[in-house]
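Enquirer: FYI, the numbering for the sequence shown is 425 to 526, going by the working numbering. Got a structure for you, questions after.
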Amino acid sequence: MFGNLSDMGKMLESMQESAKKLQSELESKVFNVKSGGGLVEITINGSGEVTDITIDNSLLGDKESLEILLIGAINDANKMVEQNRQNSALGMFGNVNPFGGR
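This is how it looks when you write it as structure tokens:
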């Protein structure tokens with residue numbers, strides 16, 4: 425019985441190491457999103473932090489359009505980051521079966 429607990433402990437340790445590695449990989453990724461045909465471009469990292477915004481000069485006089493395009497680009501970027509997190513987590517945990525079956 426205790427042998428199984430030891431195996432489970434090793435499996436949990438391995439999963440923790442994999443989770444840390446996954447987190448590090450996610451944080452190092454960079455996503456670029458364009459909105460309005462490239463008038464607004466946002467760069468966001470895997471942690472969901474916006475690291476750069478580029479705005480075409482033609483939008484500087486049109487506050488309403490600029491706001492709409494920024495909102496769209498930020499929302500799209502956040503969706504990309506979240507989808508990447510989900511896909512990575514599924515990839516990591518998709519092959520784990522704690523009951524030993526395949």
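Just so you know, even glycine gets a beta-carbon here, dropped at the ideal spot from N, CA and C. The model shown is predicted, which means the values in this text are computed figures rather than measured ones.
Could you name the residues of the same chain whose beta carbon sits closer than 6 Å to that of asparagine 469, not counting the 5 residues immediately before and after it, in chain order?
Expert: Val454 and Thr475
Enquirer: Can you tell me which of the three DSSP states aspartate 431 falls into?
Expert: Helix, per DSSP.
Enquirer: Rounded C-beta distance between glutamate 451 and serine 471? I'm assuming under 8 Å.
Expert: 5 Å
Enquirer: Taking the alpha carbon of glycine 515 as the reference point, which residue from Asp486, Ala443, Lys434 and Ala501 has its own alpha carbon closest?
Expert: Ala443
Enquirer: How long is the line joining the alpha carbons of alanine 501 and serine 438, rounded to whole angstroms?
Expert: 31 Å
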